[in-house]
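Following the numbering used here, the numbering of the sequence shown begins with 108 at its first residue and continues without gaps. The beta-carbon is built from N, C-alpha and C at its ideal position, and this holds for glycine as well. Since this is a predicted model, take the numbers as computed values, not measurements. Report on the following structure.
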Amino acid sequence: MNGISWKGSNKQVEKQLVAQFESLGIDYSNPGFYDDPNFLRQEKKDPRFLEKYALYVESKHYEDEYLERAKKSIIICAESLHKAIKKDGRLGACVDVSSMLSRMLEELGIWSYVTNSAVKIDFPQSSKIEPIWFWSPSDGSGMAAAHAIVVAPPFAIVDLTIKMQPYQPGVNRYLPEIALVTDYTNGQWEPEDVIEHDTLNMYGLSGDAARKAIQSQLRPMYEVMNTFPCRIATFGETHIKYTTIAIGGSLEPLSGILGYKPNGQTALEIFQNDIIPRLS
108 MNGISWKGSN KQVEKQLVAQ FESLGIDYSN PGFYDDPNFL RQEKKDPRFL EKYALYVESK
168 HYEDEYLERA KKSIIICAES LHKAIKKDGR LGACVDVSSM LSRMLEELGI WSYVTNSAVK
228 IDFPQSSKIE PIWFWSPSDG SGMAAAHAIV VAPPFAIVDL TIKMQPYQPG VNRYLPEIAL
288 VTDYTNGQWE PEDVIEHDTL NMYGLSGDAA RKAIQSQLRP MYEVMNTFPC RIATFGETHI
348 KYTTIAIGGS LEPLSGILGY KPNGQTALEI FQNDIIPRLS
């Protein structure tokens with residue numbers, strides 16, 4: 108199977124989550140089980156319960172046969188959706204696009220979750236471009252994502268919009284059209300990765316003092332950053348660091364995602380017209 112694997116698997120974490128889901132009467136057998144009535148009931152009590160779903164997808168064991176099938180389906184979905192949004196031309200559509208992609212994958216029986224991520228981009232030294240950050244909102248809620256991506260094993264990062272942001276001229280040439288990442292480096296989040304530098308400077312925070320302030324004042328974000336892996340992807344001499352600050356996703360099924368329609372097409376129409384024919 109060409110050595111395909113998923114490094115995020117963790118039997119102990121998976122076992123703990125399965126026990127919790129079973130105790131709550133949640134059917135965890137299929138992708139998208141966060142729509143299960145018992146899951147939704149629990150989510151009303153605990154607004155962060157969606158993190159359990161994401162952690163299950165992250166820690167779950169996957170057979171080689173599944174990963175091979177998933178890889179092919181994810182590539183087709185990513186390429187087709189990217190083609191549509193590139194033609195449409197809208198910039199900064201990461202939240203809508205990631206929600207669409209995740210719901211499309213669920214229709215195909217593919218596991219995924221959406222992350223709201225802080226991002227740091229380091230450019231080649233020869234480019235003379237200073238690093239670019241997408242920071243967390245100042246309240247640390249992660250609700251208005253700095254940047255949204257999809258994690259879909261065997262891909263640790265599926266980012267269709269990293270190039271489609273309102274950058275200064277000349278920046279785009281150093282960024283990938285699509286980030287489909289299986290080979291990455293584990294990183295460590297730093298305060299300056301997730302909080303605007305002006306805010307840190309205003310309070311005179313850096314290093315351990317900044318970490319403690321984030322732990323105290325932005326506890327949910329702090330816990331997410333220490334639960335989900337920070338990953339660094341390399342494209343040529345460009346390095347992109349993704350730090351998960353919250354878990355996101357669509358409240359609506361694929362048929363109900365109607366806010367953003369690339370080229371006038373709904374997410375469901377793109378799925379039916381552009382993706383399904385390529386899978387058959």
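Note on geometry: alpha-carbon atoms of L124 and I111 lie some 25 angstroms from one another.
Taking one beta carbon from each stretch, the region 203-210 and the region 358-375 have 3 or more pairs nearer than 8 angstroms; the two touch. Taking C-beta separations shorter than 6 angstroms and ignoring five residues to either side along the sequence, the partners of W296 in its chain run M332, C337, T350, following chain order. The DSSP-derived three-state label of S224 is strand.
P276 and K270 have their alpha carbons spaced roughly 12 angstroms apart. Only residues of its own chain outside the window of five on either side were considered, and among them I217 have a CB closer than 6 angstroms to the CB of A177, listed in chain order. Cβ neighbours of Y220 within its own chain (closer than 6 angstroms, five residues either side excluded): A161, V164, V258. Contact check for T345 against L282 passes: the beta carbons are separated by less than 9 angstroms. Residue burial is scored here from C-beta neighbours: E129 has fewer than 16 other C-beta atoms within 10 angstroms and is therefore classed as exposed.
The C-alpha of E175 lies about 29 angstroms from the C-alpha of G363. When the five nearest sequence neighbours on each side are left out, the beta carbons in the same chain lying within less than 8 angstroms of the beta carbon of S116 are those of S166, K167, H168, Y169, in order along the chain. Of the residues assessed, T222 falls on the buried side of the cut-off, its CB having 16 or more other CB atoms within 10 angstroms. With a cutoff of 9 angstroms on beta-carbon distance, L198 and Q127 are scored as not near each other. Take K348, set aside five residues on each side of it, and the residues of its chain with a beta-carbon closer than 6 angstroms to its own are K227, G294, I339, in chain order. Close CB contacts of Y291 within its chain, under the 7 angstroms cut and outside five residues either way in sequence, are with A263, I264, R338, I339, A340 (chain order). Apart from sequence neighbours up to five positions away, the residues of its chain that approach H189 with a beta-carbon distance below 8 angstroms are L267, E284, I285, ordered along the chain. I382 and S187 have their C-alpha atoms some 6 angstroms from each other. For I236, the closest alpha carbon among the candidates I181, R280, D134, K114 is that of R280.
P261 is the residue among G311, P261, S323, R318 whose C-alpha sits nearest the C-alpha of I182. In the structure shown, the three-state DSSP call for F335 is coil.
By a beta-carbon distance limit of 8 angstroms, L358 does not contact S180. Their separation comes to about 23 angstroms. D305 sits exposed, since fewer than 16 C-beta atoms from the chains shown fall within 10 Å of its C-beta.
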